[in-house]
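Trainee: Got a structure for you, questions after.
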Amino acid sequence: MTLKSLVKHFLIKSTSSYSTIGSLVGTYIQDHHEKLRLGLYVTDHTVRTAINTCMNMIVHDSKSNLRKAIWQSLAGDKTNKKKTVDLDVFARHMVKDYHVPKIPDVVPDSMLANLALMRNIGHSLIAKEDEAQRVEVVGRRRGSDTGFWTILEKRLDELYEKHGEDHKSEGWREWEKEVISEDKTMHARMTRTTALS
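For what it's worth, this note's numbering labels the leading residue of the sequence shown as 3, then goes sequentially.
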């Protein structure tokens, strides 16, 4: 297991905050240093600092790649004329690419819901970008912040405030069903719109 695969694994899991992925991975390394053969991470400050620095770069790049994958799953790939991707297909692809060590046969609803939430936020941001381009408003420069992670953090705060920490609670289960259903409805609508264009 590489540091990159470990970071990506934490990105695909349900979490209360994506701004703390680095510290979550660091805690995991400390708790499982023997299995990961990273004993020096626990005992040597210089090694821990070097790994944390590398890990923070990996977190940044992996979050960027995840956001881009979400955008592509919604907007398609115009250069290859690929269409938008159904949530189940997208989730299978993401779990295969991000989940370690064993890929689940069936993507858990918690992961589906997490990806659906991200796609919901991405869809609203893409719609804003499209609207801005239609009215010829100067848009954001390539590489600038889309606001995606900030909005996601806010939505997660609201969800955890409403449903609590226990993801097995009835409130979380209902929310998972709802957000997955909304994504499937959104995808069906987008597919029909694309077919009519």
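No residue lacks a Cβ here, since even glycine has one placed at the ideal position from N, Cα and C. Quick caveat, the model's predicted, so the values are computed rather than measured.
1) Whose C-beta lies closer than 6 Å to the C-beta of Val87 among residues of the same chain, with five residues either side of it excluded?
2) Could you check whether Leu154 and Ile123 sit closer than 8 Å to each other, using their CB atoms as the reference points?
3) Apply the 10 Å Cβ neighbour rule to Glu180 and answer buried if 16 or more other Cβ atoms are within range, or exposed otherwise.
4) Anyone know if the C-beta pair for Leu127 and Cys56 falls short of 8 Å?
5) When burial is assigned at 16 or more other CB atoms within 10 Å of the CB, is Lys98 buried or exposed?
6) Between which residues of its own chain and Asp111 is the CB-CB distance below 6 Å, once the five residues before and five after are set aside?
7) Leaving out five residues on either side along the sequence, give the residues of the same chain with a beta carbon under 7 Å from the beta carbon of Ile260.
8) So, helix, strand or coil for Tyr20, using DSSP?
9) According to DSSP, is Ser7 helix, strand or coil?
10) Measure the C-alpha to C-alpha separation of Lys164 and Leu89 and round it to an integer number of angstroms.
11) Whole angstroms is fine: what's the gap from Lys186's alpha carbon to Trp151's?
12) Measuring straight from C-alpha to C-alpha, what distance separates Val14 and Gly78?
13) Between Thr17, Trp73, Arg69, His11, which lies nearest to Glu160 when the distance is taken from Cα to Cα?
14) Buried or exposed for Ala129, please, with buried defined as at least 16 other CB atoms from any protein chain shown within 10 angstroms of its CB.
15) Distance check for Asn58 and Leu119, CA to CA, integer angstroms please.
Mentor: Looking at the atomic coordinates:
1) Ser75
2) yes
3) exposed
4) no
5) exposed
6) Glu178
7) Residue 260 falls outside the range modelled here, since the chain spans only 3 to 199, and no answer is possible.
8) coil
9) helix
10) 25 Å
11) 22 Å
12) Here the sequence assigns Ile to residue 14, which means Val is not the residue at that position. When rounded, the distance between both Cα atoms is 21 Å.
13) Thr17
14) exposed
15) 24 Å
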